[in-house]
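What follows is one structure encoded as structure tokens, with my remarks underneath.
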Amino acid sequence: PNWTAVGVTWLAGFDFEIKVIARIPAQ
């Protein structure tokens with residue numbers, strides 16, 4: 033497998049979840 037692509041995809045999803053979780057208490 034292409035670990036670079038896997039890492040980028042995982043980091044993108046992780047960053048997305050962080051932004052969503054961080055946005056919930058703000059509202």
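Numbering (our numbering), first residue to last: 33 to 59.
Note that CB positions come from ideal geometry on N, CA and C, so glycine has one too.
Cβ-heavy atom distance between V38 and the ligand ADP below 7 Å?
-> This structure lacks the ligand ADP; in fact it carries no ligand of any kind.
Return helix, strand or coil for P57, following the three-state DSSP convention.
-> Residue numbering aside, residue 57 sits at position 25 when the sequence shown is read from its first letter. The answer is helix: DSSP assigns P57 an H, G or I state.
Express the C-alpha separation of W42 and K51 in angstroms, rounding to a whole number.
-> Taking the first residue of the sequence shown as 1, we reach residue 51 at position 19. Taking the first residue of the sequence shown as 1, we reach residue 42 at position 10. Cα to Cα, K51 sits roughly 14 Å from W42.
A37 to I56 span [Cα, whole Å] = Locating residue 37 in the sequence shown gives position 5, counting from the first residue. Locating residue 56 in the sequence shown gives position 24, counting from the first residue. Inter-residue distance for A37 and I56 is about 29 Å (C-alpha atoms, whole angstroms).
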